[in-house]
Structure formats: structure tokens, C-alpha cells
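Reviewing the structure listed below.
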């Protein structure tokens, strides 16, 4: 008779009689916190860039918003593929197959290189694409300048995601946080110097902001690769071992799992990109206010995103151990945790909605009042959006731990484009609600997506579904 059970996911011994849900919540928080802080740090870098660019005026913010549309359209392709590294590595870790953990990372790094070359080249045609969509010529020109420096960050950014996923899968996500904490002030200092021409560097304005982000991303990638290769406990996996040996079967599996993730990400980000396009049709003020409100939402989103990644790992570990009860518990504990957090954040946003936009725009400028007022209104109208966004990303993360990505892609198509975009356009233009109508529309789409994903996870785990076991360890 045993007095406790080994929790392989945390490396600790669970005390006899402890509530399983409490154990799971504690393990999820322990894993999610450094991941969420890492994500928050990356958003902090983007936010600091936006604050510095905001001092150049409303049109510059609008240009940054348009540049991010182009960047994210490419970035999410690789991000989806890199997201498949985490469940594959976590399942192998739960099954105690260390060579399979290495293989999962290796195919992710190669996939980033294969996809990254054409995507980087595409970044340099952003201005022409935006002009073809009828955007303001000056805002499109500034976006093009930004992308000339920003476009090179794709591959190093994807490698950092893959390496971070590997570290999280073996329950050591902290180094990615340490790297990010160093990168935040480095990015702020370098962006300030290159945007405004300080410390003897040329004044590059929008181009400088993009160059700074790329340089910092390369540094983060190099640091994480060095840690994964040389430091314990990662060095035992020999992450660069047999690096030049192509593993086509596992590469195919990565694309099979990661392709639908990338598709769902594209549909989601596509909805937000389309919302920005609609805002650009309304006015430059609407586009700038939308970008500010969305940046606040992005900061909040980092907590559920971290919980989502933790859910992928926790569910993946349970799958690797072939434990359907723990699989179900891991997913629902994460969903409940994220919903509670976002509900609390909604209260905070409603209380501070008139203050938060001031961080992104100089309130003393003559053209700022309308933008600040509209941004505060969008934050108030998006209260339901915050909760729905948190729940959907965590439920999607739990399903990724089950390698279930194709059905969620169908859900994303229905939710984001048939329902979400259709509602946004209808409310914004025929109904005459303008910018507020756009936000209501994609809130409806996100809420539907969240409900469908939670239903899917419940349906699969209620019948004890287990995906295919990790492949045999070799190479």
C-alpha cells in the first residue's frame, strides 16, 4: 500500500489525501507563471516600442498597427508550427523517451528555417499590400519603413518559441523568463536610441524601432540556444545532436499537428487584422484607438496564454503516461483558473479605462482627445471579450496536449469569419455603430469559439480519448 504518488510532471511527491484538483492547480500555476511572465515581457517590448512610436504622432501609431498586421500574418504561420513542439516534447517526456524530446525540438527548428525564408522576403512588400487595401498612404509608408527593420525577426523569434516550448515541456520554463527580463531594458534602450538618434546612433524613427526588435530577438534566440545546449537539465538532451539529420516522419507529424494550429492562429489574427482594416476605413482616430485598446488586451492576454501553454504541457504529460483521468483534470483546472483570472481583470479594466490609454498617447497633443476617448469606450465595450479570449486560448491549449488541432480549425473558421467578421462588418457599417460595432462583432466570434472548444475537450476526455503514443526513441 502506497502513501503517496509520484507526480512526474512536477518531479514532486504528492502527499496522501491531498485533493487532486488542488495539486493540479498548484502544478499548473507553477508552470504557467514563468511562461506568462515571459510572454508579458515580450508584450512589454512591443508596448514600449508603441509608446516610443506614439510620440511621433497618431499617424505613426496607425502605421505601427498596420505593420503589425503584416508581421503577424507571417509570424503566426511559424508560431503555429512551433506550438506543436510543446505537445510532442511533453508527451515524450511523460512517456520517459528523452530522445523523442530532442527530436521534437529539432524538427521544429528545421521547420522554422524552411518557412522563414519566404516569409521574411514577403515582409518587404508590406507597403504595397496595404496600399492595395485602401489604407492611408502616409500610414502605409511608415508601416513599410517599420517592416524593413522588423521583418528579419521571424526566424529567431520562432526558434525562441520552439526552445521555450522544449524548456517548458521538461518543466524548466524559467530560463526563457530570465532571457526576456534582460531583453526588455535592452530593447527599450536600443529602440529609443535608433528611433530618436541618441547616443551617437542615426535617427531612424520607424525603421529604427524595427531594427531594434530584430537585434534583440536574435540575442534572445542565441541565449536560449546556448542555455539549452550547455546548461542542466537541458544539456542531457543534446539538442543539437544529429542536427543535420532530417527526420521526415516526425517533421510530417509536426506539420500535421502544427499546420491546423497555424491555420487557427491565422484565422484568429486575421480577424483582428480585418478589424484593423475596418477601423482604417472608419478613420485614423478609430485605427489608433483600436491599436491602443488591443495592446491593453494583449497585455492581459499573456496570463491565459501562459496558462494555455501550461495546459498543453500538463495534458501532454498525462497523455504520455496514458492517464485519462489526469488528462481531463489538467485541462479543466487550467480553464477554470484562466476564467477566474480574466473575470478579475475585467473589473480592473472597467475602473481604469480612462487612465490606461494615456500610457500610449500624449494627452497634451491637440489631436489626442478623440483617440483617448474612443480607446476608453472600446475597453469598456470589450469586457466580455477579455473573458472569452482567455477561455478560448486555454481550451485550445488543452486540446493541443491531445494533438487535437483539426476540429478546432473548423471551429475557428465558423467562429471568427462566418460569425465574428460578419457581425463586425454588419454592426460597424449597415448598423452604423462604427468602431464599437467592430469590437462587439469579434467578441461574439471569440465567445462562440470558446464554447465550442470547451465542449470539444469535454467530449473527448469524457470518453477517455488518448491520441497516438509518442514514436519510438531513436536518433
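In this note's numbering, the protein residues as written are 5 to 479.
The C-beta atom is built at its ideal place from N, Cα and C for all residues, glycine as well.
All values reported here derive from a predicted model rather than from experimental measurement.
Per DSSP, residue 237 lies in no alpha helix (DSSP H) segment and is marked neither H nor E. Restricted to the stretch 349-388, the alpha helix (DSSP H) segments that are unbroken, complete and at least 4 residues in length are 373-385, listed in chain order. Annotated three-state conformation of residue 425 is helix, per DSSP.
Residue 235 counts as exposed, since fewer than 16 other beta carbons sit within 10 angstroms of its beta carbon.
Each residue's CA atom was taken as its position, placing residue 438 and residue 387 some 18 Å apart.
Across the structure, residue 66 and residue 171 are spaced so that their CA atoms are roughly 36 Å apart. Pairing residue 168 with residue 228 gives a Cβ-Cβ distance under 8 Å. Distance check between residue 455 and each of 115, 178, 391, 431 places 391 closest, using alpha-carbon atoms only. Taking a C-beta distance under 8 Å as the contact criterion, residue 268 and residue 446 do not qualify as a contact pair. Taken atom to atom, the span from the alpha-carbon of residue 41 to that of residue 190 is near 17 Å.
Segment contact: the stretch 75-91 against the stretch 231-249, fewer than three CB-CB distances shorter than 8 Å; contact not assigned. Considered as a whole, the stretch 225-271 harbours no complete run of any beta strand (DSSP E) with no fewer than 3 residues. Between the beta-carbon of residue 407 and that of residue 91 there is about 6 Å, and that keeps the pair under the 8 Å contact cut. In the three-state scheme derived from DSSP, where H, G and I count as helix and E and B as strand, residue 77 is classed as helix.
Taking a contact to require three or more Cβ pairs closer than 8 Å, the stretch 37-53 and the stretch 273-287 do not qualify as touching. Put simply, of 381, 216, 242, 314 the residue whose alpha carbon is nearest the alpha carbon of residue 298 is 381. Here the alpha carbon of residue 103 sits roughly 38 Å from the alpha carbon of residue 344. The stretch 413-421 and the stretch 251-258 do not touch, with fewer than three beta-carbon pairs separated by less than 8 Å. Taking all protein chains in view, the Cβ of residue 26 is surrounded by fewer than 16 other Cβ atoms within 10 Å, so the residue is classified as exposed.
Annotation for residue 77: 270, 273, 274, 277 place their beta carbon closer than 8 Å to its own, counting only its chain and skipping 5 residues before and after. With 16 or more neighbouring CB atoms inside 10 Å of its own CB, residue 427 falls in the buried class. In the assembly as shown, residue 355 is an exposed residue. Its beta-carbon has fewer than 16 other beta-carbons within 10 Å.
The C-alpha of residue 322 is placed about 31 Å away from the C-alpha of residue 118.
Per the C-alpha coordinates, the member of 210, 180, 133 positioned closest to residue 58 is 210.
Collapsing the DSSP output to three states places residue 300 in a helix.
Here residue 432 is near residue 442, since their CB atoms are less than 8 Å apart. Shortest Cα-Cα distance from residue 357 to any of 113, 383, 199 involves 383. Just so you know, the alpha carbons of residue 361 and residue 99 end up roughly 48 Å apart.
In this structure, 290 is the residue among 290, 161, 28, 158 with its C-alpha nearest to the C-alpha of residue 372.
Here DSSP, grouped into helix, strand and coil, assigns residue 470 to coil.
Inclusion of residue 131 and residue 120 in the CB contact set at 8 Å is not warranted, their separation being larger than that value. At the C-beta level, residue 237 and residue 174 come within 8 Å of one another. When 106, 95, 29, 318 are compared, the shortest CA-CA separation from residue 246 is found for 106. Taking the Cα of residue 53 as reference, the smallest distance to any Cα among 346, 72, 38, 374 is reached at 72. Contact between residue 465 and residue 316 fails: their C-beta atoms lie close to 14 Å from each other, not under 8 Å. DSSP, read as helix, strand or coil, puts residue 164 in helix.
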